[in-house]
Amino acid sequence: MFKSILLCFGLLIVAAAHASSDDGKQGKDESAVIPPVQNIRSITPIFSQLLLAPYPSGFVTIFENVSDTQYIRESVPEGENENQWSQMITLNGAKDLATKAGVTSQMLVERIAGGFQRACPTSFLAIRVSDDKIGGNEAFAAIVSCGTSPTTDGKQSETALIAVIKGDKDFYTVQWAERATASKRPLTLDASKWVERYKTLTQVKLCHIVPGEQAPYPSCVD
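For reference, each letter of the sequence shown is one residue, going -19 to -1, 1 to 203 in mature numbering (1 follows the signal peptide of the UniProt record, and there is no 0).
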């Protein structure tokens, strides 16, 4: 998938720098540019490891659930909810998936991207961000976007920066999504905003669980 539909993240930055104000060919990412904010760090035991994830200040958890094989936590800006949100950061854990032969971070990102593409084939956009390691672990990151999101009945667009990280036994996914004005065509993204968000996600770290250690898990803090 990524060989045929993904643009290089560097090309996105160059394109953004030379983009015209003419919006006739592509939709425009009209969400508000977020000023720099101080990040806070959350450390959560998820199956076999601790996951340290940075959050912009002002985000609150609205949903958390764990089953025998899956973990999920969703956070949005304070005052928003699971139905009405402008941004959402989602953590996922898939137990023991990293022990399965042939499963890679890129493969899992492609599955997510495929879901976006099926949901909005005419306004779909996918951008390869990086296959560099995150926190010393195999990882793959991409941006995927729907100009008309089915989760809002096509009334808004939805764009997500997705990073999948391979742990010792489990796979972990961190998604930073936002909703904005709907577009029938692929969005033109604000490169500088998504670059900053990717920099935030590169601070994600996996740590070994120390028997008996309790929150705030000092062994996972630099």
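Quick reminder that beta carbons are idealized off the backbone N, C-alpha and C, glycines included.
Asked	Found
Nearest-angstrom beta carbon gap, Ala163 and Ser138 [assumed within contact, 8 angstroms]	5 angstroms
Nearest residue (CA-CA) to Leu33, options Ser173, Glu59 and Thr154	Thr154
Cβ distance (whole Å) where Cys101 is taken to contact Ser56 below 8 angstroms	Not confirmed; about 24 angstroms, so no contact.
DSSP state of Ser48 mapped onto helix, strand, coil	coil
Exposure label - Ile21; buried when at least 16 CB within 10 Å	exposed
Three-way DSSP call (helix, strand, coil) for Ser111 in this model	strand
Under 9 angstroms between C-beta atoms of Lys76 and Thr50	yes
Anticipated Cβ contact below 8 angstroms, Ile146 with Ser104, distance rounded	That belief does not hold up - the Cβ atoms of Ile146 and Ser104 are roughly 28 angstroms apart, past 8 angstroms.
Residue nearest to Thr71 in terms of C-alpha spacing, selected from Gln156, Val176, Trp175 and Leu168	Gln156
When Asp151, Lys150 and Ala141 are compared against Asp171, the one with the closest alpha-carbon	Ala141
Spatial distance of Ser23 from Tyr36 (CA atoms)	7 angstroms
Pick from Thr183, Gly39, Glu63 and Ser38 that is closest to Glu45, judged by C-alpha positions	Glu63
Cα-Cα separation, Val191 to Ser38	28 angstroms
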